[in-house]
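Residue numbers (this note's numbering), protein chains in the order written: chain B, 1348 to 1461; chain Z, 328 to 507.
C-beta atoms are modelled at their ideal positions from N, C-alpha and C, and glycine is treated no differently.
Just so we're clear, the structure is a prediction, and the values are computed from it rather than from any experiment.
The next block holds one structure in the form of structure tokens; read it before the comments.
Next up, the structure:
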């Protein structure tokens, strides 16, 4: 993954965690083959449930250190389980970024919630 | 999908604004007390289309996927957007979180008044049968929105005021939040 994209994703997730320490219980990063946007799936306690995955794309926000568009899918813990069972589908082409360093970063961040 | 995401987004935005303008006209007219259910319906429709305008703009959602549960999800996500915090005029992140979660809760209530989600109960559009709580045997009374809508978003309640104000803020800042 593009270094700048990854670093921005890290800063963004840190910010999201600061804002939603109590509600944020999972973060997953997905690769954009074009290297143009950040793709996040966030598991949020209390997220309103929908019948489908809803990927909202937010515009770049360079004033706040985010020079890329950010696509966020927010799921409740129950919706996340449904997704893992295949009942809810991610957009076509979404492939999770499985890098151990990234996963370690997220695990450490979320431990601060526990 | 026929048409580009931008075309669909503009169409949804245009129709959302049309629904909102209609409800404002109704709410401001003489006899508006007779139109609680219609105003509530139009408010739900306006918010649903506004959220879909944002969703379809991203290019990953098919407008043929019919769902009414969109707006509350969007509100839940706005808590984490600094751009949204500025657009809505919240001075602190704490204020923004409180404000957007209150918006989320109001929108969830509003979504439940859509007939498709009301589970044959109270809704803003059609009559429904409700069990009479004063009877020990099951007796049902037919209710209808004009007379019996308990939750309505048409009078100047805090929820109604917030929903109408926040709708206008989101429309005004739409491109800034969801554009390229």
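Between residue 434 of chain Z and the set Z:373, Z:330, Z:358, the nearest pair of CA atoms involves Z:373. Bounds of the beta strand (DSSP E) holding residue 1386 of chain B are 1385-1391. At a cut-off of 8 Å between beta carbons, residue 506 of chain Z contacts chain B. The segment 392-409 of chain Z makes no contact with the segment 452-465 of chain Z; the number of CB pairs closer than 8 Å stays below 3. In this structure, residue 386 of chain Z lies near residue 332 of chain Z, with their beta-carbon atoms less than 8 Å apart. Taking 8 Å as the cut-off, the beta carbon of residue 1391 of chain B is found no closer than this to the beta carbon of residue 482 of chain Z.
A straight line joining the alpha-carbon of residue 1436 of chain B with that of residue 422 of chain Z spans about 34 Å. Apart from the 5 residues on each side of it in sequence, residue 370 of chain Z sits with its Cβ closer than 7 Å to the Cβ of 350, 437, 480, 490 in its chain, given in chain order. Identification of chain Z residues near residue 1363 of chain B by a Cβ-Cβ cut-off of 7 Å yields 407, ordered along the chain.
Near chain B, meaning a CB-to-CB distance below 8 Å, the residues of the segment 374-385 of chain Z are 381, 382, 384, 385.
When DSSP states are grouped into helix, strand and coil, residue 1437 of chain B belongs to the coil group. Residues are counted here when their Cβ sits less than 8 Å from a Cβ of chain Z; for the segment 1416-1429 of chain B these are 1416, 1418, 1419, 1421, given in chain order.
Within the segment 1398-1410 of chain B, those residues whose Cβ lies closer than 9 Å to any Cβ of chain Z are, in chain order, 1398, 1399, 1400, 1401, 1402, 1403, 1404, 1405, 1406, 1407, 1408, 1410.
The contact set of residue 404 of chain Z on chain B, defined by CB atoms closer than 7 Å, consists of 1403, 1419, 1421 in chain order.
Contact of residue 455 of chain Z with chain B is not assigned, every C-beta pair being separated by 8 Å or more. In this structure residue 1417 of chain B is in contact with residue 1387 of chain B, their Cβ atoms being roughly 7 Å apart against a cut-off of 8 Å. Its Cα nearest to that of residue 1441 of chain B, the residue B:1377 stands out among B:1422, B:1377, B:1363, B:1350. If you check the CB distance, residue 1425 of chain B and residue 1396 of chain B come in under 8 Å.
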